[in-house]
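> Chains as they are written, first to last, in numbering that gives the first Met the number 0: chain A, 0 to 549; chain B, 0 to 611.
Every residue gets a Cβ at the ideal spot worked out from N, C-alpha and C, and that includes glycine.
Can you keep this structure in mind? I'll have questions shortly.
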Amino acid sequence: MEFSEHIKTANVEDVVLRQPLHPPSRGTLCITGHHLLFSDREETGTRQFLLLLKNIDAIEKSVENLSAYSGLFSNAGHSERMSGSSGTITIKCKDLRVLQLDIPGMEQCLNIAHSIETLSCLDCASEMYPFFHRPSDLSLQDQWGLSSTEKLYSQMKELHDRWRVSTVNRDYSVCPSYPPAVIVPKNIDDSMLKKVAKFRQGGRFPVLCYYHRKNGMVIMRSSQPLPGANRKRCKEDEDLLQAVLDGSDKGYIIDTRSSQQATQARMTGGGFESKSSYSCWKRLHRQMEKCVGKALQESLIKLVEACGDESNNMDRWLSKLENSKWLFYVQTALSTAGLLAECVERDGHSVLVHGSEGKDSTLLISTLAQLIMDPHCRSLEGFLALLEREWVQAGHPFMQRCAHSAFSHARLQQESPVFLLLLDCVWQLWRQFPLALGFSEALLLRLATEAYASDFGTFLCNSHQERWALGVMERTHCLFKALLRPRERDYYSNPLYEPTELAIWPSVHPQSLQLWRGFFLRWTQQSRHLEEAQEEIRNMVIEWGKLALS
Amino acid sequence: MEHIRTPKVEQVRLLDRFSNKSTNGTLYLTATHLIFVESNSNNSTSAGQEVWILHHHIASVEKLSLTTTGCPLVIQCRNFRLVHFVVQRERDCHDIYSSLLRLLRPVSYEELYAFSYNPKQNDQQREEGWQLIDLGAEFERMGVPCDQWQLTDVNRDFKVCETYPRDLYVPITASKPIIVGSSKFRSKGRFPVLTYFYQEKKAAVCRCSQPLSGFSARCLEDESLLQAISKANHNSRFVYVMDTRPKLNALANRAAGKGYENEDNYSNIRFQFVGIENIHVMRTSLQKLLEVIGTRSLSMSDYLVGLESSGWLRHIKAVVDAAIFLTKAVTVEGVSVLVHCSDGWDRTAQVCSLGSLLMDPYYRTIKGFMVLIEKDWISFGHKFADRCDQLDGDPKEVSPIFTQFLECVWQLTEQFPQAFEFSEWFLLQIHEHVHSCQYGNFLGNNQRQREELQFWRNMYHQFDRSMHPRQSILKTILTLRENSCKAESALQSLESRLQQLGVTPIVTSDPPAPPPTRDQRSSALPPRPDSLILGAPINHKEEHQRQDDDEQEEVGEEATESFDTERTVEGSSGTESRKQSYGELDGTYSSELAKEEPAVVSLEFGVARMTC
């Protein structure tokens with residue numbers, strides 16, 4: 000394997016590892032192609048610590064060469080000089096953990112640091128760890144994933160008379176970022192779809208993503224249309240949207256850009272659905288596009304920096320929190336999702352959601368709206384299936400968005416913690432409705448970690464097509480399947496879950512939103528207390544369950 | 000009562016504070032309460048919402064100028080409730096307004112819920128107040144009197160210090176002349192006395208008021224009293240003297256002949272300023288905070304900036320920081336600490352009681368917490384009446400000092416959810432019952448006070464239902480517990496019946512988890528949580544209601560109960576109201592909803608009372 004060429008020193012003895020919430024321990028450090036392995040030899044038994052190199056966001060190294068001067072003037076031997084020097088590597092992980100390694104020997108320290116730097120930045124998907132991860136209790140022969148378009152369609156009998164599954168994208172030629180099968184109105188044939196795809200950015204033509212059983216209304220999503228400066232029209236696109244309405248008097252288009260931004264997009268060939276050509280559709284603009292781009296990444300960086308600030312100053316903390324704007328983004332996302340849900344559930348109209356590309360904010364609010372409205376999405380399986388449909392299959396570019404996290408000094412390109420923002424919003428929902436969601440905070444934390452560095456193939460690559468090309472479905476394991484293994488399922492499900500059929504309307508007043516302490520302050524003592532409390536609740540509920548059965 | 004001119008006004012609208020919604024109903028004015036009852040507009044089976052406002056809770060009544068829809072009346076309560084009525088006829092409005100103004104003050108305190116720390120009772124019946132909670136026993140629990148500390152009767156007739164209790168504990172070496180001399184040198188005669196004794200290290204927490212040192216005065220008796228305190232602790236050669244004021248304030252006090260201890264005169268002290276602001280700053284700060292959070296359609300950044308500029312959380316942190324300093328000094332270093340501020344009844348009470356809470360797990364129990372309040376607040380003369388504006392007093396004396404203390408405690412319960420027996424929102428009361436009491440050791444040591452402080456929404460938005468978490472974990476857990484207790488008692492009663500019938504219980508035929516049946520009525524009521532503060536989430540009425548209903552869905556009802564479907568998303572075009580959209584469900588849980596309401600209120604009263 001070519002990893003070995005990056006590893007000059009594979010083993011170092013007598014390393015001290017300092018990690019949050021644990022006392023420092025001394026042991027052997029070992030570096031492999033994908034992992035950092037540390038095992039200590041305390042009298043009480045060995046403890047192992049395994050860290051995926053992919054999880055490392057940034058490292059800092061500092062070397063102290065205590066005997067550098069004496070080495071110059073004396074004839075001390077090589078080994079003696081080395082023993083006097085030492086180095087410290089600070090590892091900042093994408094899950095916001097900060098570790099410190101004290102390594103004896105300057106050269107070894109530099110070698111290790113170099114290996115970590117190169118190996119953690121390899122961006123060739125086919126060489127990543129998921130392709131080598133082989134847990135004993137999962138088999139590659141199992142069906143990959145939890146849901147697919149076809150499965151969803153066959154389960155929803157209500158869809159059958161007006162909607163069909165189209166495989167126009169089976170070779171990914173119509174839209175590279177869509178899965179092979181999508182649900183579209185029945186009377187729109189594949190040739191029309193191809194024309195519509197040409198009129199939408201990236202070929203992301205409107206497809207069904209949610210069917211509201213109560214009133215038969217739907218949520219569609221797409222990318223922006225391409226009328227451009229000379230206001231082109233596309234008959235097929237108009238027909239498709241008309242077919243979605245199917246006789247009802249109007250529908251809403253939620254554009255996640257401000258109307259000004261949407262108008263500006265015309266200059267670059269994009270634009271919006273004009274009132275004259277889409278007479279039955281009412282456009283609502285919500286300024287959200289900022290929530291997904293560079294601004295969001297910067298917000299995360301600022302927030303994490305504020306959380307890591309050790310100075311005990313209340314005012315500075317509050318102003319930093321305000322300055323990071325993270326909570327503002329959470330609020331915007333939740334209220335836009337609320338608007339979407341309101342259109343469907345309260346107003347009883349179908350909605351088309353899009354931003355510009357339709358891969359970020361669009362998915363964010365359609366997912367949240369489904370959680371608000373659809374009780375099926377709130378169970379553990381339902382939530383995972385929702386994420387699989389709306390994020391993995393719908394083509395959220397995980398690889399690009401999650402390449403780096405808050406500590407990285409690398410220049411920002413496509414990174415943006417949209418998925419993290421989603422998880423934060425879901426957490427806010429979970430906090431306001433602790434009984435309505437079937438999963439625990441631990442699941443959200445796990446997903447937040449896995450999106451950045453994973454043993455599993457689920458979040459690899461940017462689209463279904465890339466995953467198919469690399470054989471992700473054949474050669475890696477699916478995270479969602481793994482999370483549903485019996486032991487993990489117990490851990491990730493909410494002990495207090497009581498399914499409710501009602502919509503859960505979150506409050507979006509600033510006073511009602513909180514910093515997600517479980518994630519952003521995860522490695523502090525305090526989160527540990529909260530975790531223990533959660534654990535206690537779980538045990539209690541289980542105990543009572545037993546009592547009731549006895 | 001003769002003040003009430005109009006006992007009942009119909010067609011009154013209650014406006015929601017944060018949305019444009021309003022409800023119609025009838026306003027009743029009674030001798031003790033102002034009651035608003037929502038009229039059953041569309042559904043006769045659903046009892047309307049009821050709002051009960053104790054006159055005593057009302058902080059201010061304001062009559063706004065007449066509008067087209069009627070005459071608005073804004074009532075601001077001390078428990079941070081704000082109600083906005085619109086009365087159709089101006090005369091009615093004026094009647095209510097003037098009646099309320101008259102009724103606000105002359106409330107007879109005996110009618111208030113007999114809360115053990117009812118401040119007014121203390122002012123009047125101080126002697127009797129002692130018998131409620133035996134502080135002597137409390138000091139005994141701490142291990143006092145012992146070979147170094149003794150009970151003194153110097154204040155038997157409140158001659159030495161009238162704001163101190165009768166029984167005081169001082170070092171064994173401190174003679175009466177020393178005490179009397181020292182008290183003359185302290186503001187309001189509040190000389191150093193013991194408030195908490197940390198037995199393990201023999202370190203003491205003492206409290207007093209500022210010395211009357213001015214620029215150069217000294218008092219030998221006071222010095223020897225401090226010396227005695229220091230001597231009483233063999234672990235350390237000095238005592239910490241914590242002045243909880245900012246240094247500037249203390250310096251300013253010197254000009255008035257007061258001030259702080261000069262380290263040169265006292266050979267054995269280490270002096271420390273802590274920097275908690277005075278009551279006036281606190282009052283303004285809370286006012287600012289309330290202003291910010293009362294704003295409609297508040298934006299995220301305005302909220303955070305407002306939170307910051309109010310400084311409220313900064314003050315909270317200052318108090319907690321001081322308590323941590325105290326705790327560390329006592330538990331880690333084993334040094335005795337003397338705490339004072341200006342008069343030694345506001346900041347000193349906060350710091351001493353919070354410090355004791357951190358040090359001693361006993362105070363984290365329900366009983367212990369009451370003892371703590373009795374000890375540090377009531378007996379040492381926190382001016383509840385003035386601070387909480389109970390009489391028609393000086394508005395400058397009003398300050399949310401006790402509220403602040405409670406918020407500090409709440410912050411601790413947030414950070415250490417497992418360490419407290421009592422809680423508003425926390426579950427661990429049950430934890431305490433299921434598992435035997437396992438309290439954490441010293442909180443103070445591993446305390447990391449940082450940005451984890453947060454806004455206490457449930458305090459300041461208690462009555463804005465749209466802002467609450469819609470479902471309460473605590474309530475569910477209590478229900479679950481209740482259910483399991485019911486199941487257990489049902490099992491027992493069934494078993495005893497089987498025995499009466501002469502059948503030996505056979506395990507296999509034992510019906511698994513029988514839903515509680517009607518014979519439960521003959522059996523005793525299921526055990527209820529014995530907490531005083533939180534024990535009432537399910538009332539008896541409701542229980543019967545439940546039993547009358549088919550009993551399958553107890554838990555489910557709980558879940559739906561708390562749905563407040565307040566629309567919070569802006570930009571809506573929907574016109575349907577909640578009743579319509581959830582219409583089909585009304586039958587299933589609305590009666591439950593009505594029954595649930597008083598329980599919620601009573602739970603919240605727990606805070607309400609304590610804050611006033």
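By alpha-carbon positions, which one of B:L356, B:H314, B:C207, B:I400 ends up nearest to B:F184?
As a first step, residue 184 of chain B is located in the second sequence; it is residue number 185 there, counting from the start. The candidate whose alpha carbon is nearest that of B:F184 is B:C207.
> For B:V334 and B:K374, what's the separation of their Cα atoms in angstroms?
Taking the second sequence and counting its residues from 1, one reaches residue 334 of chain B at position 335. Taking the second sequence and counting its residues from 1, one reaches residue 374 of chain B at position 375. Roughly 22 Å separates the two Cα atoms.
> If you follow the beta strand (DSSP E) that A:E487 is in, where does it begin and where does it stop?
As a first step, residue 487 of chain A is located in the first sequence; it is residue number 488 there, counting from the start. Element bounds for A:E487: not the beta strand (DSSP E) but the alpha helix (DSSP H), 485-491.
> So, using beta-carbon positions, are A:F518 and A:A441 closer together than 9 Å?
Position 519 of the first sequence holds residue 518 of chain A. Position 442 of the first sequence holds residue 441 of chain A. No.
> For A:S38, collect the residues of the same chain with a Cβ closer than 6 Å to its Cβ; drop the 5 residues on either side in sequence, then sort them by chain order.
Here residue 38 of chain A corresponds to residue number 39 of the first sequence, with the count starting at 1. Around A:S38: G26, T27, T45, Q47.
> Buried or exposed for B:L63, please, with buried defined as at least 16 other CB atoms from any protein chain shown within 10 angstroms of its CB.
The sequence position of residue 63 of chain B within the second sequence is 64, counting from 1. With fewer than 16 Cβ atoms within 10 Å of its Cβ, B:L63 is classed as exposed.
> Mapping the DSSP letters down to three states, classify A:M127 as helix, strand or coil.
Stepping through the first sequence from its first residue, residue 127 of chain A is reached at position 128. A:M127: coil per DSSP, three-state reduction.
> Counting only beta-carbon atoms, is B:T406 nearer than 9 Å to chain A?
Within the second sequence, numbered from 1, the residue matching residue 406 of chain B stands at position 407. Note that residue 406 of chain B is Glu in the sequence shown, not Thr. Cβ-Cβ to chain A under 9 Å: no for B:E406.
> Please tell me whether B:P399 has its Cβ less than 9 Å away from any Cβ of chain A.
Locating residue 399 of chain B in the second sequence gives position 400, counting from the first residue. Judged by the 9 Å Cβ criterion, B:P399 is not in contact with chain A.
> Take A:G292 and list the residues in its own chain whose beta-carbon comes closer than 7 Å to its own, dropping the five residues that flank it on each side.
Counting from one through the first sequence, the residue named residue 292 of chain A turns up at place 293. Cβ neighbours of A:G292 beyond the five flanking positions: S415.
> Strictly by DSSP, which residues pair up with A:P554?
Not covered by the structure: residue 554 of chain A. The range shown for chain A is 0 to 549.
> Quick one: is B:V240 buried, meaning 16 or more other Cβ sit within 10 Å of its Cβ, or exposed?
Stepping through the second sequence from its first residue, residue 240 of chain B is reached at position 241. With 16 or more other Cβ atoms within 10 Å, it is buried.
> Exposed or buried, B:E126, counting other C-beta atoms within 10 Å across all chains shown (16 or more means buried)?
On the second sequence, residue 126 of chain B is found 127 positions in, with the first residue counted as 1. Confidence at B:E126 is low in this model, with a pLDDT of 47, below 50, so the placement of that residue should be treated as unreliable; the coordinate-derived value is given next. Exposed is the call here.
> Using beta carbons (cut-off 9 Å, strictly below), is A:D314 in contact with chain B?
Within the first sequence, numbered from 1, the residue matching residue 314 of chain A stands at position 315. At least one chain B Cβ lies under 9 Å of A:D314.
> Mapping DSSP to helix, strand and coil, what is B:H68?
On the second sequence, position 69 is the one that residue 68 of chain B refers to. In the sequence on display, residue 68 of chain B carries Thr and not His. Coil.
> For B:G213, is the beta carbon positioned less than 8 Å from some heavy atom of the ligand ATP?
Judged by which ligands are present, the structure shown has none, so any question about the ligand ATP falls away.
> With three or more C-beta pairs closer than 8 Å as the rule, is the segment 316-328 of chain A touching the segment 349-363 of chain A?
The segment 349-363 of chain A, when compared against the segment 316-328 of chain A, does not touch it at the 8 Å Cβ threshold.
> Counting Cβ pairs, one atom from each stretch, are 3 or more of them under 8 Å apart for the segment 461-474 of chain A and the segment 159-179 of chain A?
Yes: at least three Cβ pairs fall under 8 Å.
> Taking a contact to mean a Cβ-Cβ separation below 9 Å, would you say A:D346 touches A:H211 in this structure?
Here residue 346 of chain A refers to the residue found at position 347 of the first sequence. Here residue 211 of chain A refers to the residue found at position 212 of the first sequence. Contact flag unset, no.
> Against chain A, does B:G69 count as a neighbour if the rule is that its beta carbon must be under 9 Å from one of theirs?
In the second sequence, the residue the question calls residue 69 of chain B occupies position 70. By this cut-off, B:G69 is not an interface position.
> Taking 8 Å as the cut-off, does the segment 140-157 of chain A touch the segment 419-435 of chain A (at least 3 CB pairs, one atom from each stretch)?
Taking 8 Å as the limit for Cβ pairs, the verdict is that the segment 140-157 of chain A does not touch the segment 419-435 of chain A.
> At least one CB of chain B closer than 9 Å to the CB of A:L317: is that the case?
As a working note, residue 317 of chain A is residue 318 in the first sequence. With 9 Å as the cut-off, A:L317 counts as an interface residue toward chain B.
> So the candidates are B:E222, B:H56, B:S223, B:K187; which of them puts its Cα closest to the Cα of B:N78?
As a working mapping, residue 78 of chain B is identified with position 79 in the second sequence. B:N78 has its Cα closest to that of B:H56, out of B:E222, B:H56, B:S223, B:K187.
> Closest by CA to A:E465, which one among A:Q392, A:Q524, A:L512?
Taking the first sequence and counting its residues from 1, the one referred to as residue 465 of chain A is at position 466. It is A:Q392 whose Cα lies nearest to the Cα of A:E465.
> Identify the continuous alpha helix (DSSP H) that holds A:C424 and give its terminal residues.
Here residue 424 of chain A corresponds to residue number 425 of the first sequence, with the count starting at 1. Unbroken alpha helix (DSSP H) run through A:C424: 417-431.
> For A:S492, I'd like the list of residues in its chain whose CB is within less than 7 Å of its CB, leaving aside the five on either flank, ordered along the chain.
Translated into positions along the first sequence, residue 492 of chain A becomes position 493. Cβ neighbours of A:S492 beyond the five flanking positions: L379, G437, F438, S439.
> With a threshold of 9 Å between beta-carbons, can A:P509 be considered close to chain B, or not?
In the first sequence, the residue the question calls residue 509 of chain A occupies position 510. Yes, contact with chain B.
> Taking Cβ positions, are A:M266 and A:A305 nearer each other than 9 Å?
For this step, residue 266 of chain A is matched to residue 267 along the first sequence. For this step, residue 305 of chain A is matched to residue 306 along the first sequence. Not in contact: A:M266 and A:A305 (Cβ atoms no closer than 9 Å).
> At a Cβ threshold of 9 Å, is A:E535 touching chain B?
One-based indexing of the first sequence puts residue 535 of chain A at position 536. Yes, contact with chain B.
> On the DSSP bridge assignment, give the partners of B:F379 in chain order.
Numbered from its first residue, the second sequence carries residue 379 of chain B at position 380. Beta-bridge pairing links B:F379 to no other residue.
> Which residues in the same chain have their Cβ closer than 6 Å to the Cβ of B:I3, if we skip the five residues on either side of it in sequence?
The sequence position of residue 3 of chain B within the second sequence is 4, counting from 1. Only L28, S98 meet the Cβ criterion.
> If you scan the segment 94-160 of chain A from start to end, which runs of the alpha helix (DSSP H) of 4 or more residues do you find wholly inside it?
Runs found: 105-120, 148-154.
> What's the gap between the Cα of B:D613 and the Cα of B:V159?
Outside the displayed range of chain B (0 to 611) lies residue 613 of chain B, so it cannot be described from this structure.
> Looking only at its own chain, which residues have a Cβ that is under 6 Å from the Cβ of A:K213, when we skip the five neighbours before and after it?
Taking the first sequence and counting its residues from 1, the one referred to as residue 213 of chain A is at position 214. Once the five neighbours on either side are set aside, A:K213 has no close Cβ partner at all.
> Do the segment 306-326 of chain B and the segment 170-189 of chain B make contact, defined as three or more Cβ pairs closer than 8 Å?
The segment 306-326 of chain B, when compared against the segment 170-189 of chain B, does not touch it at the 8 Å Cβ threshold.
> Enumerate, from N- to C-terminal direction, the unbroken alpha helix (DSSP H) stretches of 4 or more residues contained entirely within the segment 302-374 of chain B.
Here the runs fully enclosed are 311-326, 346-358, 365-371.
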